[in-house]
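**Student:** Numbering (my numbering), first residue to last: 2 to 384.
Here a beta-carbon is modelled for each residue, glycine too, at the ideal position from N, C-alpha and C.
This structure is a prediction, so every number in the text was calculated from the model and none was measured.
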């Protein structure tokens with residue numbers, strides 16, 4: 002199948018320049034904060050460092066930053082770019098039409114995958130003008146929050162409610178029309194109650210909710226155990242990458258519609274799953290939430306992606322031998338504490354395996370599907 006390189010919108014050209022800057026080395030701040038670190042191989046920190054928790058609003062902001070970053074990569078680098086480069090469309094009936102899922106469908110697939118894992122975090126799209134009635138606001142708070150983010154998209158709406166004796170934290174973020182595919186689908190859909198959306202419009206909201214135990218000293222700042230927050234963040238990262246690998250890369254490659262390549266930009270190809278994940282990191286860093294993640298390995302193709310310190314070396318060794326739970330630790334920088342968790346990074350796609358096994362710089366060339374290829378390191382500021 003021949004692919005022609007076509008001119009693309011200027012917006013994508015700028016985005017391309019940003020995305021091609023891989024996270025090859027740790028940020029200076031990250032390097033500094035790792036100087037003081039305490040280690041444990043269990044799911045709970047067992048050091049002398051006391052951590053009260055991570056605020057629910059910070060946790061929700063970090064979760065949303067991953068959702069938004071991965072959605073931006075998918076929408077602009079996959080959907081919009083390939084629509085121009087190889088005429089690959091994103092459609093509502095993507096399964097039957099050999100096309101890409103719409104960005105909203107990508108989010109729904111990822112959310113459903115997390116539910117299947119049994120985690121008690123939930124996120125979904127909602128709207129004042131839903132095509133599907135199941136996406137209507139499910140409470141008075143959601144209805145009110147949607148109206149508020151429509152007027153002022155810069156202000157996240159949050160609340161704490163009780164359900165069956167449990168306290169639930171809920172945050173509602175604006176859902177923007179990020180691609181032409183979103184606008185076209187809603188404006189032309191026979192069931193759409195609103196048909197004059199424009200790019201950048203608020204189309205609805207992204208609702209994130211999870212349980213909380215500790216309401217904090219003031220009673221107004223719910224706190225969550227850092228191990229739990231790390232599990233939430235990792236679950237969203239992994240679900241997004243799995244959806245991308247399964248429903249985009251593997252599916253389109255098996256049908257000879259498109260392929261994934263390390264040189265995706267030059268070849269008008271799909272990003273490799275690891276590139277999809279790494280490129281989102283740059284966008285998350287720009288939000289300056291203090292949260293960051295990176296991928297490392299005992300067998301890196303690029304030496305900069307090897308273990309940078311004792312925590313990472315011990316963590317990689319731990320998750321390679323026992324890939325059940327993350328390796329965790331607490332670090333300090335300038336009086337601030339950071340929680341770190343290193344999760345096993347599995348070979349989720351044949352594209353991952355083929356790239357590493359065939360790459361001339363790869364020190365290991367016998368990977369198989371589902372092997373541990375390295376680790377995902379999360380760094381989260383704590384209270």
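Taking the C-alpha atoms as reference points, what is the distance between residue 30 and residue 334?
**Tutor:** Low per-residue confidence applies at residue 30: pLDDT is 37, beneath 50, and the placement is therefore not dependable enough to give any value.
**Student:** Going by DSSP, which residues form a beta bridge with residue 75?
**Tutor:** Beta-bridge pairing links residue 75 to no other residue.
**Student:** Reducing DSSP to helix, strand and coil, say where residue 328 ends up.
**Tutor:** Three-state result, residue 328: strand.
**Student:** Just to confirm, are residue 348 and residue 374 a CB contact at a threshold of 8 angstroms?
**Tutor:** It is a contact, given that the beta carbons lie within the stated cut-off.
**Student:** Do you know how far the Cα of residue 311 is from the Cα of residue 65?
**Tutor:** Each residue's alpha carbon lies about 30 angstroms from the other.
**Student:** In terms of DSSP beta bridges, what is residue 340 paired with?
**Tutor:** In the DSSP output, where bridge partners are listed per residue, residue 340 has 331, 381.
**Student:** Have a look at 133, 128, 184, 108 and flag the residue whose alpha-carbon is nearest the alpha-carbon of residue 151.
**Tutor:** Checked all of 133, 128, 184, 108; the closest Cα to residue 151 is 128.
**Student:** Looking only at its chain, what residues have a beta carbon closer than 6 angstroms to the beta carbon of residue 76, apart from the 5 residues adjacent to it on each side?
**Tutor:** Closer than 6 angstroms at the Cβ level, and outside the excluded window around residue 76, lie 104, 179, 180.
**Student:** Can you give the Cα-Cα distance for residue 275 and residue 55, rounded to whole angstroms?
**Tutor:** Rounded to whole angstroms, residue 275 to residue 55 spans 28 angstroms at the Cα level.
**Student:** Counting Cβ pairs, one atom from each stretch, are 3 or more of them under 8 angstroms apart for the region 251-259 and the region 75-91?
**Tutor:** Counting Cβ pairs under 8 angstroms, three or more are found: they touch.
**Student:** Taking 8 angstroms as the cut-off, does the region 317-333 touch the region 356-370 (at least 3 CB pairs, one atom from each stretch)?
**Tutor:** The answer is no - the region 317-333 does not touch the region 356-370, with fewer than three Cβ pairs under 8 angstroms.
**Student:** Could you check whether residue 230 and residue 60 sit closer than 8 angstroms to each other, using their CB atoms as the reference points?
**Tutor:** Closer than 8 angstroms, so yes.
**Student:** When the Cα atoms are used, what is the spatial distance from residue 108 to residue 72?
**Tutor:** Between residue 108 and residue 72, the C-alpha separation is close to 7 angstroms.
**Student:** Assuming the contact rule is C-beta atoms closer than 8 angstroms, residue 213 and residue 141 should be a hit. Round their C-beta distance to whole Å, please.
**Tutor:** Between residue 141 and residue 213 the Cβ distance is about 20 angstroms, and since that is not below 8 angstroms, they are no contact.
**Student:** Using beta-carbon positions only, say whether residue 117 and residue 208 come within less than 8 angstroms of one another.
**Tutor:** Their beta carbons are not under 8 angstroms apart, which means residue 117 does not touch residue 208 by this criterion.
**Student:** Would you check if the distance between the CB atom of residue 346 and the CB atom of residue 325 is smaller than 8 angstroms?
**Tutor:** No, the Cβ-Cβ distance between residue 346 and residue 325 is not below 8 angstroms.
**Student:** Look up residue 256 in the DSSP assignment and say whether it is helix, strand or coil.
**Tutor:** Coil.
**Student:** Rounded to the nearest angstrom, how far is the Cβ of residue 102 from that of residue 161, given a contact under 8 angstroms?
**Tutor:** Going by Cβ atoms, the distance from residue 102 to residue 161 rounds to 33 angstroms, so no, they are not a contact pair.
**Student:** What would DSSP say about residue 212, mapped onto helix, strand or coil?
**Tutor:** Three-state DSSP puts residue 212 in a strand.
**Student:** With a 10 Å radius around its C-beta and 16 neighbouring C-beta atoms as the bar for buried, classify residue 359 as buried or exposed.
**Tutor:** Result: exposed.
**Student:** If you reduce the DSSP assignment to three classes, tell me which class residue 153 lands in.
**Tutor:** Note: residue 153 maps to coil in three-state DSSP.
**Student:** Would you identify the three-state DSSP class for residue 41, choosing helix, strand or coil?
**Tutor:** Residue placement at residue 41 cannot be trusted, given a pLDDT of 41 that sits under 50; the coordinates are not used to answer.
**Student:** Using CA atoms only, rank isn't needed, just tell me which of 340, 294, 249, 306 is closest to residue 235.
**Tutor:** Of the candidates 340, 294, 249, 306, the one whose C-alpha sits nearest the C-alpha of residue 235 is 294.
**Student:** Would you mind sorting residue 63 into buried or exposed? The rule is 16 or more other CB atoms within 10 Å of its CB.
**Tutor:** The residue in question, residue 63, is buried, as its Cβ has 16 or more Cβ neighbours within 10 Å.
**Student:** Can you find the residues in the same chain that come closer than 7 angstroms, C-beta to C-beta, to residue 277, ignoring five residues on each side of it along the sequence?
**Tutor:** The answer, listed in chain order, is 74, 242, 245.
**Student:** What is the rounded straight-line gap between the Cα of residue 199 and the Cα of residue 149?
**Tutor:** Roughly 19 angstroms between the two C-alpha positions.
**Student:** Quick one: what's got a C-beta closer than 8 angstroms to residue 282's C-beta in the same chain, skipping five residues either side?
**Tutor:** Once the five neighbours on either side are set aside, the close Cβ partners of residue 282 are 24, 70, 293, 294, 295.
**Student:** To the nearest angstrom, how far is it from the Cα of residue 177 to the Cα of residue 337?
**Tutor:** Distance between the alpha carbons of residue 177 and residue 337 is about 34 angstroms.
**Student:** Tell me, which residues are paired with residue 119 by DSSP?
**Tutor:** Answer is none; residue 119 lacks a bridge partner.
**Student:** Please say whether residue 253 and residue 273 have beta carbons closer to each other than 8 angstroms?
**Tutor:** It is not a contact, given that the beta carbons lie outside the stated cut-off.
**Student:** For residue 294, which three-state DSSP category applies?
**Tutor:** Of the three classes helix, strand and coil, the one that applies to residue 294 here is strand, per DSSP.
**Student:** Residue 271 bridges to which residues according to DSSP?
**Tutor:** According to DSSP, residue 271 bridges with 261.
**Student:** For the beta strand (DSSP E) that residue 161 lies in, which residues bound it at each end?
**Tutor:** Per DSSP, residue 161 belongs to the beta strand (DSSP E) from 158-164.
**Student:** How far does the alpha helix (DSSP H) with residue 176 in it extend, from its first residue to its last?
**Tutor:** Counting along the chain, residue 176 falls outside any alpha helix (DSSP H), though it belongs to the beta strand (DSSP E) covering 167-177.
**Student:** When the Cα of residue 196 is compared with those of 204, 187, 300, which residue comes out closest?
**Tutor:** Residue 196 has its Cα closest to that of 187, out of 204, 187, 300.
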